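Participant: Take this structure, written in structure tokens, and hold onto it; I'll ask about it next.
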Amino acid sequence: MKKILSICCLSVISSYGFAQDIKGISFSHQEWEISCSNTGTCKAAGYQSEENGDNPASLLLVRKAGPKQAVQAEFALSDYEQSLPANQLKNIHFYVNGKDLGAVTIDGTDLPLMGKLNNSQVNAVLQQSKQKTEIVFKNAQHEWKISDAGMTAVLLKMDDFQKRIGTVGALVKKGSANEAKVLMPESKLLVKRIKTTAKPYLTLQPKNKQYQTIYRSLMAANPNSKEDFCEGIYGGNSDGAEPQKIELYKLTNKKVLATTLCWRGAYNEGYGAWVLDESLNGKATFVTESASDFDSGIISSAQKGRGIGDCWASEEWVWDGKSFVHTKDMWTGMCKGLAAGGVWELDRIEAIVK
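Here the sequence shown is numbered in this note's numbering, starting from 6 and rising by one per residue.
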């Protein structure tokens, strides 16, 4: 069966390339994870441990690339029951290793409770980045704990990506060097979208003679021959996976988009997408095997990390007249029960589409 959303349990780095110099990464260790985008901005998120699963909580640390960039922090606090009386949500304080660092400001009373830490609260966390740290939000009625398991490794990865190791601005491995050679920020990728038709002009069923020729061309574009690729889905009258219909959409510049259902799991499915010459001859150019929708020049993908939908991966590819440009690659954070749809936008690709 197709493996979905391995990002939620990554223990190694995965990279994506762009037209820009910076390649986004994602990395996770224990209860912390990080994504850094093509702009150089890094977002690190920590969560509650499994033993505190009834009190979902997350702390997000954000730092832009470039010298003298302060770390900004946001938080999300929730409850397994997804509802708490408003009078129990007042006067929540922030603690690091038992020290009361003052009340936090909450944006409303709907769960998850969202807000930002002030500078002194952020600095208290960062000063403990290399040692055991107890991070707590609490008032008289409730308590939320952020695990420190994995925090040091993730913040070290942030230092490494932004080239701060050995500098005065490093979070973990500080040194005496100034920040003259740290990673400089990049602008978001700028892409001009060329609109196309939204409906297919031709649908080919597996028994169609033309289908077989096009299907072989699509399968030949397998980006990794060592892995299973677009096997189709299991039908009620078959012992194995069956290829599905191919839909063809007119693009521009004498190109067409071909799509077919590649796989289906318990709560996700993925369509393959390829670009072909309008003659339907020649090699196909592979775009993705996890598409969810195509609309007027935009291929989109939305995949759940698990059935309850509290964590999602989202991607987009935009037709610029020549090719589909990867303009979005985002993960909402670990599957920790914080909220339906997730709470964060951990980007590896950021773009402005016009």
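Just so it is clear, CB atoms sit at the ideal spot from N, CA and C, and this is done for glycine as well.
Computed from a prediction, not measured in an experiment: that's the story for all the values here.
1) Helix, strand or coil: which one does DSSP assign to Ser152?
2) In the DSSP output, which residue or residues are listed as bridge partners for Asp59?
3) Tell me where the alpha helix (DSSP H) around Ile219 begins and ends.
4) With a cut-off of 8 Å on the beta carbons, I'd call Leu223 and Trp268 a contact; round off their distance for me.
5) Which of helix, strand or coil does DSSP assign to Phe32?
6) Ser295 lies in the beta strand (DSSP E); which residues open and close that run?
7) Would you mind sorting Gln74 into buried or exposed? The rule is 16 or more other CB atoms within 10 Å of its CB.
8) Alpha carbon to alpha carbon, how far is Leu176 from Pro72?
9) Please tell me whether Leu195 and Leu253 are closer than 9 Å, where the distance is taken between their beta carbons.
10) Among Gly314, Gln126 and Leu116, whose alpha-carbon lies nearest the alpha-carbon of Val1?
11) Output the residue ranges of the beta strand (DSSP E) runs that lie fully inside the region 55-134 and measure 3 residues or longer, sorted by chain position.
12) Return helix, strand or coil for Thr44, following the three-state DSSP convention.
13) Within 10 angstroms of the Cβ of Asp298, are there 16 or more other Cβ atoms? Answer buried if so, exposed if not.
14) Can you give me the Cβ contacts of Gln77 inside the same chain, cut-off strictly under 6 Å, excluding the 5 residues immediately before and after it?
15) Counting pairs of beta carbons, one from the region 219-233 and one from the region 273-287, are three or more of them closer than 8 Å?
16) To the nearest whole angstrom, what separates the beta carbons of Asn60 and Glu148, a pair I think is in contact under 8 Å?
17) Under DSSP, the beta strand (DSSP E) around Leu343 begins and ends at which residues?
18) Can you tell which of Thr257, Ile238, Leu285 and Leu131 has the C-alpha that lies nearest to the C-alpha of Tyr362?
19) Between which residues of its own chain and Leu131 is the CB-CB distance below 7 Å, once the five residues before and five after are set aside?
20) Look up Lys255 in the DSSP assignment and say whether it is helix, strand or coil.
21) At what residues does the beta strand (DSSP E) containing Lys333 begin and finish?
Facilitator: The answer reads as follows:
1) The DSSP-derived three-state label of Ser152 is coil.
2) Partner(s): none; Asp59 has no beta bridge.
3) Lys214 to Met224 is the extent of the alpha helix (DSSP H) around Ile219.
4) Going by Cβ atoms, the distance from Leu223 to Trp268 rounds to 14 Å, so no, they are not a contact pair.
5) Strand at Phe32.
6) First-last of the beta strand (DSSP E) with Ser295: Thr290 to Ala296.
7) Of the other Cβ atoms in all chains shown, 16 or more fall within 10 Å of the Cβ of Gln74; this residue is therefore buried.
8) Cα-Cα distance, rounded: 13 Å.
9) No, they are not a contact pair.
10) A question about residue 1 goes unanswered here, because the residues of the chain that appear run from 6 up to 359.
11) If you keep only unbroken beta strand (DSSP E) runs of at least 3 residues inside the region 55-134, you get 62-68, 77-82, 98-101, 104-108 and 118-121.
12) Three-state result, Thr44: coil.
13) Taking a 10 Å sphere around the C-beta of Asp298, we find fewer than 16 other C-beta atoms and assign the residue as exposed.
14) Its chain contains Val67 as the residues whose beta carbon lies nearer than 6 Å to that of Gln77, once the 5 sequence neighbours on both sides are disregarded; these appear in chain order.
15) Yes: the two stretches touch, three or more of their Cβ pairs being nearer than 8 Å.
16) With 8 Å as the limit, Asn60 and Glu148 qualify as a contact, their Cβ atoms being about 7 Å apart.
17) Bounds of any beta strand (DSSP E) do not take in Leu343, whose DSSP letter is neither H nor E.
18) Because residue 362 is not part of the residues shown, which for the chain are 6 to 359, the question remains open.
19) Scanning its chain for C-beta atoms nearer than 7 Å, with the 5 sequence neighbours on each side dropped, one finds around Leu131 the residues Val76 and Leu176, in chain order.
20) Strand, per DSSP.
21) Lys333 -> beta strand (DSSP E) spans Phe329 to Trp336.
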